[in-house]
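For the protein sequence lines, the chains are A and B, in the order given.
Under numbering that gives the first Met the number 0, the first residue of the first sequence carries the number 0, and numbering increases by one thereafter.
Under numbering that gives the first Met the number 0, the first residue of the second sequence carries the number 0, and numbering increases by one thereafter.
Reading through the structure tokens given below for one structure.
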Amino acid sequence: MITLEKRSQPSRVWAFAAPVMAVVLTMLCGGLLFAALGKSPVETIRTIFFDPLFSEFAWFYRPQLLIKGAPLVLIAIGLSFGFRAGIWNIGAEGQYIVGAICGAAVGLAFYPTESIFIFPLMIVAGILGGTLWALIPGILKVKFDTNEILVSLMLVYVAEQLLASMALGALRNPDGMGFPGSRNLAKYDSASSWISENAGMHWGVVLAFVAVIFAYVTLSRHLFGFQVRLAGQSPRAARFGGVNPQALVLICMAISGGLAGAAGLFEVAGPAGQISIDFNVGYGFTAIIVAFLGRLHPIGILLAAGLMALTYIGGEIAQSNLGLPGAAIQLMQGMLLFFLLMVDVLSNYRLRLGKKAIV
Amino acid sequence: MTMKTILAGATIAASLSTTAFADDPTKVGFVYVGPVGDGGWTYEHDQGRLAVEEAFGDAVETVYVENVPEGADAERVLQQMALGGADLIFTTSFGYMDPTINVAEKFPDVMFEHATGYKMADNVSVYSARFYEGRAVQGHIAGQMTESNVIGYIGSFPIPEVIRGINSAYIHAKAVNPDVEFKIVWAYTWFDPAKEAEAATVLIEQGADVILQHTDSTAPQAAAQAAGNVVTFGQASDMAEFGPFPRVSSIIDNWAPYYIARTQAVIDGTWESTNTWDGIGAGMVGIGEITDAVPAEVKASAEALRDSLASGEYHAFTGPLNKQDGTAWLAEGETADDGTLAGMNFYVEGLTGEIPQ
């Protein structure tokens, strides 16, 4: 008989071991899945997890990891503040879209003028757009006590409609023969976020690293970081400790919205290049997984984003080189979160063998 | 000539000869926007891929990646295929246009074929099918099958290809039934069974008893089947499993002959950048079997229409036709030119509603 016994303190060892164990379990079960599909499990796991880093074409894949990982890091870092404080912004995808639209709109308004001031202005617009979109659920929560999970999520669908209308209307490329989609910002020097396309470096990658450092310092050294952690662990104590819960909601929503908006701007001005109807590919949702996989810790998020990026890129290699179906890759990514949640039980509970739980 | 250049020349010659001698199979890559099991658009492209494998056997190796989002991800997948040694890559969705052009610039020795786009390069061809010819036959049948005179249309994205289809179906439905009315719902997706089913249900609730779809899944067929008395048409693929009713006919994309011909051209070294736009006549667009749920005389006239489109004796856009706002477009007997059709961004007279801007 196995019973679970609650730990008085969450285990610190398991907090670190759980993600590692989740990855190992995913590799094992993923391997079984691939074997069931008639592929060599070892070769498939190697293709997904190691080929992007160490194969013949690693010079191409390594920069791609930066491109794929940067928006995940930016968004997840922003979300981690709110998640720590118990403020659930699920709508980062929408804030990402609105940030991209606002930033791109500023850039396109100046086309074809060349000036070094255009790109900074676009960044400001992107951050502002994301922030304002996130403040809608924030303000509604503060004023009317609405549920921020629902409101922020529903606003994703509103943002998607806005995106479609922009791609077909206001921001459509006038030289595009009536086809939807804006001009390509990556090809417009003053608006491009690329630093070096071959190295996978764009300003979003730089800002992602800056955000990690900034979040680390804020959370461990600054009073605001302390308030965020306190509010999450003990809302009552936080109130006695002088935390203004309403201000905290607005600040956390603004941070996550602003960073998501910035991620959208850097993406649209670089790797994606243009506002198109299906510009968003789910970074805002994947970032939620990344934030939890990284234990809401800045360094953890950096590593988790790298891992997610790896499974995306490795998954594509496995599809094209080994003929693995796309759904198998998605299944494996799902397993990762599933196992993490499962193993997470161990940080709060202790396994007891052969004894009945004392009630 | 110095020793160095001679040596360099020898190295290049040696490396060239190894590539020539190596009897590597020709590698053909396919990038899909949906899953190969969508039963529609991507399914048919994959059937084309399998036909290539069958036609060339060991001389050709094919690879594919499915569910590739249109945008930055597509660019990476394409580049990865090119690095992986692909000689010819088919990119099978409109949104892959810019990524295809970008990657083609970096790999001048790899040939690219982009479906339904308009940007070409020395190593990028474009190809598409004149689906609107199939839509004409569909409209002809739909106009006579409807009893409520309301035909529902599930649009994907308001791009010229889709608008062309709506116009063509409407013109030919109107020709046989002057009272017909089109209700159009935009799903903003190529493949999303839940959204497509919802769109179909909304249209049925609004009184539509014929549903035409320009999205790729079979979900609208299932929704119509559940409603019981609603007619549908297979889209991109035959969708015969929903026949003989609600699915009474279909437009089938048949890419296999084109894919085989282009692969052959790469093997022979005769590949050139081309712009292909074939219809029923060339076999790229097929009309699926018209079932017995359709009255015999309607079936006969639909088949006659199909044959006249195939032979080129009739054009699906033949005047007199006005635009939605009443301005003249085509005079009596005049046919639309390909340029206008390629960039079509207006409804013809009689359609209600606006194209989303």
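Even for Gly, the Cβ is constructed at its ideal location relative to N, Cα and C.
Being a predicted model, the structure only gives us computed values, none of them experimental.
_Please classify B:T188 as buried or exposed, where buried requires at least 16 other C-beta atoms within 10 Å of its C-beta._
If you number the second sequence from 1, residue 188 of chain B lands on position 189. Counting Cβ neighbours within 10 Å, B:T188 comes out buried, since at least 16 surround it.
*At a Cβ threshold of 7 Å, is A:S319 touching chain B?*
On the first sequence, residue 319 of chain A is found 320 positions in, with the first residue counted as 1. Output row for A:S319: interface = yes.
_Output needed for A:G158: all residues of its chain with C-beta closer than 6 Å, excluding positions within five of it in sequence on either side, in chain order._
Looking up residue 158 of chain A in the first sequence gives position 159. One detail in the question is off: residue 158 of chain A reads as Ala in this sequence, not Gly. A distance below 6 Å between beta-carbons, with the five flanking residues on each side excluded, links A:A158 to the following residues of its chain, in chain order: G93, I96 and V97.
_Where B:D45 sits in the DSSP three-state scheme_ = Taking the first residue of the second sequence as 1, we reach residue 45 of chain B at position 46. Of the three classes helix, strand and coil, the one that applies to B:D45 here is helix, per DSSP.
_Contact the region 45 to 54 of chain A vs the region 175 to 193 of chain A: 3+ CB pairs below 8 Å_ = Taking a cut-off of 8 Å on C-beta distances, the region 45 to 54 of chain A does not touch the region 175 to 193 of chain A, as fewer than three cross pairs fall below it.
*For B:A82, return the contacting residues in chain A, with the cut-off set at a CB-CB distance below 8 Å.*
Translated into the one-based positions of the second sequence, residue 82 of chain B becomes position 83. Inspection of the sequence shows that residue 82 of chain B is occupied by Leu rather than by Ala. Here the neighbours are F56 and F59.
*Inter-residue Cα distance where the pair is A:L369 and B:P98*: Limits of chain A in this structure are 0 at one end and 358 at the other, which puts residue 369 of chain A out of reach.
*Mind checking if B:S14 is an interface residue toward chain A, Cβ cutoff 7 Å exclusive?*
Working through the second sequence from its first residue, we reach residue 14 of chain B at position 15. Only weak support is given to the placement of B:S14: the predicted model assigns it a pLDDT of 41, under 50, and the value that follows is read from those uncertain coordinates. Not an interface residue.
*Does the beta carbon of B:G47 sit closer than 7 Å to a beta carbon anywhere in chain A?*
For the purposes of this step, residue 47 of chain B is identified with residue 48 of the second sequence, where counting begins at 1. For B:G47, the answer is no, since every Cβ of chain A falls outside 7 Å of its Cβ.
*Tell me the start and end of each unbroken beta strand (DSSP E) in the region 157 to 228 of chain A that is at least 3 residues and wholly inside, in chain order.*
Listed in chain order, the beta strand (DSSP E) runs fully inside the region 157 to 228 of chain A are 193 to 195, counting runs of at least 3 residues.
*To the nearest whole angstrom, what separates the beta carbons of B:F232 and B:L211, a pair I think is in contact under 8 Å?*
Translated into positions along the second sequence, residue 232 of chain B becomes position 233. Translated into positions along the second sequence, residue 211 of chain B becomes position 212. Yes, they are in contact, since the Cβ atoms of B:F232 and B:L211 sit about 6 Å apart, within 8 Å.
*Minimum Cβ-Cβ distance from A:E113 to chain B less than 7 Å*: One-based indexing of the first sequence puts residue 113 of chain A at position 114. By this cut-off, A:E113 is not an interface position.
_CA-to-CA distance, B:Q224 to B:P159, given in whole angstroms_ = The residue given as residue 159 of chain B occupies position 160 in the second sequence. The residue given as residue 224 of chain B occupies position 225 in the second sequence. Roughly 30 Å between the two C-alpha positions.
_If you measure between the beta carbons of B:A359 and B:V247, is that distance less than 7 Å?_
Given a span of 0 to 356 for chain B in the structure shown, any question on residue 359 of chain B remains unanswerable.
*asked:* Please list, in chain order, the chain B residues whose beta carbon lies closer than 9 Å to that of A:Q63.
replied: Walking along the first sequence from the start, residue 63 of chain A turns up at place 64. What A:Q63 touches in chain B: R75, Q78 and Q79.
*asked:* Let's test the definition: count the other Cβ atoms within 10 Å of the Cβ of A:K38 and tell me whether it reaches 16, buried, or not, exposed.
replied: As a working mapping, residue 38 of chain A is identified with position 39 in the first sequence. Answer is buried; the Cβ neighbour count reaches 16.
_Beta-carbon within less than 7 Å of B:P360's beta-carbon, same chain only, minus the 5 sequence neighbours each way: which residues are those?_
Here chain B has residues from 0 to 356 only, and residue 360 of chain B is not among them.
*Quickly, what does DSSP pair B:M110 with across the bridge? List them, please.*
One-based indexing of the second sequence puts residue 110 of chain B at position 111. For B:M110, which the question treats as bridged, DSSP gives the partners B:L87.
*7 Å Cβ cutoff met for B:Y126 and B:E112*: Taking the second sequence and counting its residues from 1, one reaches residue 126 of chain B at position 127. Taking the second sequence and counting its residues from 1, one reaches residue 112 of chain B at position 113. For B:Y126 and B:E112, yes; Cβs fall inside 7 Å.
*Would you say the beta carbon of A:G168 comes nearer than 6 Å to a heavy atom of the ligand ATP?*
For the ligand ATP, the structure offers nothing, since it holds no ligand at all.
*asked:* My output table needs one value for B:G352: the three-state DSSP class, helix, strand or coil.
replied: Within the second sequence, numbered from 1, the residue matching residue 352 of chain B stands at position 353. In the structure shown, B:G352 sits in coil (DSSP, three-state: anything other than H, G, I, E or B).
_On the criterion of 16 or more Cβ atoms from any shown chain inside 10 Å, does A:H221 qualify as buried, or is it exposed?_
Sequence index remark: in the first sequence, residue 221 of chain A carries index 222 (1-based). Counting other Cβ atoms within 10 Å of its Cβ, A:H221 stays below 16 and is therefore classed as exposed.
*For A:G272, does the three-state DSSP call read helix, strand or coil?*
Translated into the one-based positions of the first sequence, residue 272 of chain A becomes position 273. A:G272 falls in the coil class under three-state DSSP.
*According to DSSP, what are the bridge partners of A:L3?*
Numbered from 1 along the first sequence, position 4 holds the residue referred to as residue 3 of chain A. In DSSP, A:L3 forms a bridge with A:L350.
*Which residues of chain A have a Cβ atom closer than 7 Å to the Cβ of B:T258, listed in chain order?*
Along the second sequence, one-based indexing puts residue 258 of chain B at 259. A quick correction: the sequence has Tyr, not Thr, at residue 258 of chain B. Correct list: empty, because the minimum Cβ distance to chain A is about 17 Å.
_Under 7 Å, Cβ to Cβ, is there at least one residue of chain A near B:I158?_
To locate residue 158 of chain B, count along the second sequence from 1; it is residue 159. With respect to chain A, the C-beta atom of B:I158 has a partner C-beta closer than 7 Å.
*So, is the C-beta of A:F53 closer than 7 Å to a C-beta in chain B?*
Translated into positions along the first sequence, residue 53 of chain A becomes position 54. It does not: the Cβ of A:F53 has no partner Cβ on chain B nearer than 7 Å.
_Distance, B:K26 Cα to B:G84 Cα_ = The residue given as residue 84 of chain B occupies position 85 in the second sequence. The residue given as residue 26 of chain B occupies position 27 in the second sequence. The straight-line gap from Cα to Cα measures roughly 7 Å.
*asked:* I want to see whether chain B comes within less than 7 Å of A:L73, judged by CB atoms only; does it?
replied: Counted from its first residue, the first sequence places residue 73 of chain A at position 74. Closer than 7 Å: no.
*Could you run through the region 162 to 196 of chain B and flag, in chain order, every residue whose CB is less than 7 Å away from some CB of chain A?*
Within the region 162 to 196 of chain B, the residues whose Cβ lies closer than 7 Å to some Cβ of chain A are Y187, listed in chain order.
*Please decide whether B:P107 counts as near chain A, where near means a Cβ-Cβ distance under 7 Å.*
For the purposes of this step, residue 107 of chain B is taken as residue 108 along the second sequence, with counting starting at 1. So, not an interface residue.
*Range covered by the alpha helix (DSSP H) that runs through B:K26*: Position 27 of the second sequence, counted from the start, is the residue given in the question as residue 26 of chain B. Counting along the chain, B:K26 sits inside no alpha helix (DSSP H); it lies in the beta strand (DSSP E) bounded by residues T25 to V30.
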